[in-house]
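Numbering (the numbering used here), first residue to last: 624 to 968. Backbone N, C-alpha and C fix where the C-beta goes; we use that ideal spot for every residue, glycine too. A short write-up of the structure that comes next.
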Amino acid sequence: MEREKVLVGMSGGVDSSVTAKLLMDMGYDTAGVTLLLCDADNESNTEDAKSVCDKMGIKHYAIDLKEEFSQYVVNSFIKEYKSGNTPNPCIVCNKYIKFGAMLETALSLGYDKIATGHYARIKEENGRYLLLKAVDESKDQSYVLYNLTQHQLRRVLFPLGELSKAEVREKAVVESFVNANRPDSQDICFVPDGDYAGFIEARDGFISEKGNYVDINGNIIGEHKGIINYTLGQRKGLGIALGKPAFVIDKNVLTNNVVLGDEEYLFKNEVIVDNVNFIPFDSLENEMRVTAKLRYRHKAAPAKIMPLEDGKVKIIFDEPQRAPSPGQAAVFYDGDLVIGGGTII
């Protein structure tokens with residue numbers, strides 16, 4: 624019987640390397656692919672991935688997706704930031720690049736499935752493919768995967784979903800992988816220094832103009848250095864002394880005002896999301912009890928979700944949540960099961 628062919632997305636890091644080895648050990652016909660996405664990509668990443676593939680005796684591809692990455696991820700990131708939102712480019716990249724362009728490339732090369740080193744789980748139930756949190760919840764990445772479709776989920780493997788990070792590193796050491804002790808990546812890959820405003824200015828020519836800090840009543844209380852430099856909930860780096868702690872509680876791109884106030888104004892009971900994707904079912908027909916996360920490192924909080932017109936969903940939290948930020952994702956769970964999610968508006 625012919626073995627199932629799997630193409631593993633390999634960044635040069637330890638997680639994707641161990642993913643490839645685990646799949647080989649499970650009997651899959653495995654190969655690796657490194658996606659070349661942006662100019663910030665380090666050549667050593669590709670070399671490390673190829674080194675691991677060579678060690679395992681499997682084929683390694685390097686595929687240039689810079690144009691697609693620029694179109695879908697970078698341009699979208701710039702547009703959202705200029706609109707005053709706080710985007711999560713990893714979610715966009717997963718949908719269109721890692722599980723979009725990479726999957727279609729794999730299928731065109733004759734592979735049956737793709738795999739990545741994400742910490743999450745997939746299971747099939749009654750013909751429907753479900754997404755679940757990783758066993759190691761401290762590493763769980765299901766939040767950035769909520770947007771995957773049935774077409775994608777049925778062709779994806781996440782072998783690390785059952786393992787802890789310590790077990791993965793141990794496996795890499797045992798295999799003597801060149802990257803066994805390489806630290807995890809943290810920042811947005813195409814803005815490694817974290818200077819989003821500088822990146823957008825260099826890439827797009829957009830300079831965020833100075834404007835006014837105002838209080839909740841609209842009174843001018845100071846000058847800010849450009850609205851793009853601020854996020855909801857921010858306290859540090861405001862460059863203003865009001866004699867008490869002040870937080871960014873709103874931004875108005877039309878007036879170029881940044882609203883400062885007490886922390887209590889950041890807390891909201893209700894959040895509305897758009898561009899919603901559900902995984903166990905196609906659409907939400909009735910109210911549903913869930914827990915919901917408003918950012919990657921946010922602890923999921925008890926809530927109910929209810930359908931609105933135009934496919935939007937309202938989340939009503941049992942307890943007010945701090946600084947829901949337009950552009951970020953809200954993801955719904957039922958225990959470990961990912962129900963779906965959408966973009967906060």
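- Of the residues assessed, asparagine 698 falls on the exposed side of the cut-off, its CB having fewer than 16 other CB atoms within 10 angstroms.
- Taking asparagine 875 as reference, the option from Leu646, Lys705 and Glu627 with the minimal CA-CA separation is Lys705.
- Sequence-distant Cβ neighbours of isoleucine 967 in its own chain, meaning closer than 8 angstroms and more than five residues away, are Val894, Ile895, Val896, Leu917, Pro947, Ser948, Pro949, Gly950, Gln951, Ala952 and Ala953.
- If only complete runs of 4 or more residues are kept, the region 679-738 shows the alpha helix (DSSP H) at 689-692, 698-705, 712-716 and 725-731, in order along the chain.
- Its Cα nearest to that of glutamate 887, the residue Arg858 stands out among Lys833, Met929, Ala803 and Arg858.
- Out of Lys721, Tyr956, Ile902 and Lys794, the CA that lies nearest to the CA of leucine 753 is found in Ile902.
- Distances from the CA of cysteine 716 to each of Leu658, Val629 and Gly707 were compared; the closest alpha carbon is that of Leu658.
- Taking a contact to require three or more Cβ pairs closer than 8 angstroms, the region 764-781 and the region 793-803 do not qualify as touching.
- Of all alpha-carbon atoms in Ala738, Ala757, Arg777 and Thr739, the one lying nearest the alpha-carbon of glutamate 747 is that of Arg777.
- Take valine 758, set aside five residues on each side of it, and the residues of its chain with a beta-carbon closer than 6 angstroms to its own are Glu785, in chain order.
- The alpha-carbon separation between alanine 738 and arginine 744 amounts to approximately 11 angstroms.
- For leucine 771, no beta strand (DSSP E) run applies, since DSSP gives it neither H nor E.
- Membership of isoleucine 844 in the beta strand (DSSP E) is indicated by the continuous run 843-847.
- As computed with DSSP, methionine 929 is found in a beta bridge with Lys937.
- Excluding five sequence positions before and after alanine 724, the CB atoms of its chain that fall closer than 6 angstroms to its own CB belong to Leu688 and Glu691, given in chain order.
- In its chain, beyond the 5 residues on either side, no residue has a beta carbon closer than 6 angstroms to the beta carbon of glutamate 666.
- Counting only the Cα atoms, aspartate 816 lies some 31 angstroms from proline 782.
- Inter-segment contact for the region 624-642 and the region 667-678 is present: three or more beta-carbon pairs are separated by less than 8 angstroms.
- Here the alpha carbon of alanine 789 sits roughly 51 angstroms from the alpha carbon of asparagine 840.
- In terms of Cα proximity to threonine 669, the closest of Gly934, Asp810 and Gly632 is Gly632.
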